[in-house]
Amino acid sequence: MAIDLPFARHVTRDINVHKKKVYCLDWDCNGRRLATGSNDQTVRVWKIDSRHREKSERHEVELKMPDRLACTCVLWHPTSPDSLATIAQDDNVRVWDTRSGKCAAIIPTPDMNLYMAWSPHDPDIVATASNRNMVSFIDMRRNKVFKSVKNNHLVNELAFTRDGKLFLQATESGVEMYRFPELEKLSSLNGHTGTVLTLTLDGQDRYMASGGADAIAAVWDLETLACIRTCTQMDGEIKTLSISHDSQYLAYAGEQDMVVIEALQEGRSPWTVPLSKPPKTIESLAWNPKYPVLAVTGNFVETGSHSFGNITIYAPIS
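Heads up, the sequence shown is in our numbering, so the first residue is 79 and it goes up one at a time.
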């Protein structure tokens, strides 16, 4: 691939943080700490040099999940850098205080959850999608589900727009868009030939990107609801994607052992992230909310089919 993105000069560091498969990661609202969730029944919180000028990764907190429960999704509070939420292989959402390292609340939901979204407009609202296609909305002040909606089709990742007026869900029939909180369906964006597995919004509510089982990442203009470009560098399904803090770049990955970065505006060639330890699959990636730093988690298989996780921190040198 031709190199005309500003990533030719870069710093890459690996953090071996978990003993087993890593499913998820997320940056805190200040971009200073990274949380990762694993099949080893822990969530680990790391302090990361946000500007990536020196190797200063420091393990701060280990949050222990209940026995035999893997953490499959972790999300930081939109405005509080000391609070995060997790879902595991049960029907609860857990809220954690990272200062004490203790679980602050356990919120029961109708089913086992697979995905979760925290409203940036109203941090008292969290949405979850279950393994039975139930979408539930939680009042985080009362630690209680206040509404659940049963879908008749597969529901994957969820998202709220920053202004809180729209709620989106990735489904087997496209990206469904609802007016929130009324949950009135406004549109279904059909830019994929297969199930939509993942979606993400930029920080300005200008773009939405979706990734599908058809190996395509689609970029949408949220004002016109038009698909403004499709990204086709992958050969397998796209499981995770993220838009940079400045709304300039899209990173996406999935079943292949690589991460691709593309400019949201046409005219620049894609760039493949040079991972020092190419994994079997990429499970999750996320741009830092303040700096051009990308965190990636992939899983490796050793002899005997034992999987373990690795976190790669990647940043261009300005």
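Cβ atoms here follow ideal geometry from the backbone N, Cα and C, with glycine treated the same way.
Quick caveat: nothing in here was measured; it's all calculated off a predicted structure.
- Item | 7 Å CB neighbourhood of Q334 in its chain, flanking five on each side removed | M312, D313, G314
- Classify A293 as buried or exposed, calling it buried when 16 or more other Cβ atoms lie within 10 Å of its own Cβ. buried
- Message: Assuming contact is defined by CB atoms lying nearer than 7 Å, are P201 and T157 in contact in what I supplied?
- Response: yes
- Message: Considering only their Cβ atoms, is the gap separating I316 from A329 smaller than 7 Å?
- Response: no
- Near N366, what residues of its chain come up, given a Cβ to Cβ distance below 6 Å and the 5 sequence neighbours on each side ignored? W105, G109
- Who are the Cβ neighbours of G242 in its own chain at under 7 Å, not counting the five residues just before and after it? S197, H199, D200, F258
- Short check: CB of D160 to CB of T176, under 7 Å? yes
- Item | First and last residue of the uninterrupted beta strand (DSSP E) at P156 | From DSSP, P156 is part of no beta strand (DSSP E); its letter is neither H nor E.
- Item | Coarse secondary structure for P186, derived from DSSP in three states | strand
- Message: Quick check: is the beta carbon of G332 nearer than 7 Å to any beta carbon in chain D?
- Response: Reference to chain D is not applicable here, since this structure consists of a single protein chain.
- Message: On a Cα-Cα basis, can you pick out the residue from L261, G269, K368 that is closest to D280?
- Response: K368
- Under the three-state reduction of DSSP, which class applies to S214: helix, strand or coil? strand
- Item | contact_flag[the stretch 233 to 252, the stretch 265 to 278] where n(CB pairs < 8 Å) is 3 or more | yes
- Task: Can you tell me which of L192, Y193, P186, V233 puts its alpha carbon nearest to the alpha carbon of K222?
- Result: P186
- beta strand (DSSP E) segment containing Y369, residue limits: Here Y369 belongs to no beta strand (DSSP E), and DSSP marks it neither H nor E.
- Message: Going by C-alpha to C-alpha distance, which of N191, L342, H155, G179 sits closest to A148?
- Response: N191
- Cβ neighbour criterion (16 or more within 10 Å) applied to H96: buried
- Can you tell me whether DSSP reads S178 as helix, strand or coil? coil
- Task: Select from H231, C305, G332 the residue whose C-alpha is nearest the C-alpha of E344.
- Result: C305
- Using the C-alpha atoms, what's the distance from Q247 back to L342? 21 Å
- Task: Measure from the alpha carbon of K99 to the alpha carbon of each residue in R91, R111, N117, then state which is nearest.
- Result: N117
- Just confirm the distance between the C-beta atoms of T278 and L319, as a whole number of angstroms; I'd bet it's less than 8 Å. 5 Å
- Task: Would you identify the three-state DSSP class for H137, choosing helix, strand or coil?
- Result: strand
- Which runs of the alpha helix (DSSP H), 4 residues or longer, sit entirely within the stretch 210 to 283? none
- Report, in whole angstroms, the separation of the C-beta atoms of C102 and T120, which I expect to be a contact under 8 Å. With 8 Å as the limit, C102 and T120 do not qualify as a contact, their Cβ atoms being about 12 Å apart.
- Going by other Cβ atoms of all chains shown within 10 Å of its Cβ, with 16 needed for buried, is H231 buried or exposed? exposed
- Item | Nearest-angstrom Cβ-Cβ length linking M194 and A205, presumed shorter than 8 Å | 7 Å
- Task: Look at the alpha carbon of K180 and the alpha carbon of S214, and state the distance between them as a whole number of angstroms.
- Result: 25 Å
- Taking the DSSP output, what are the residues bridged to Y397? In this structure the chain extends from 79 to 396, so residue 397 is not present and cannot be described.
- Distance between K263 and G290 (C-alpha atoms, nearest Å): 21 Å
- Message: Applying the 10 Å Cβ sphere with the 16-neighbour rule, what's the burial state of N377?
- Response: buried
- Would you kindly check if the distance between the Cβ of D127 and the Cβ of T390 is under 7 Å? no
- On the DSSP bridge assignment, give the partners of P201 in chain order. DSSP output for P201 lists no bridge partner at all.
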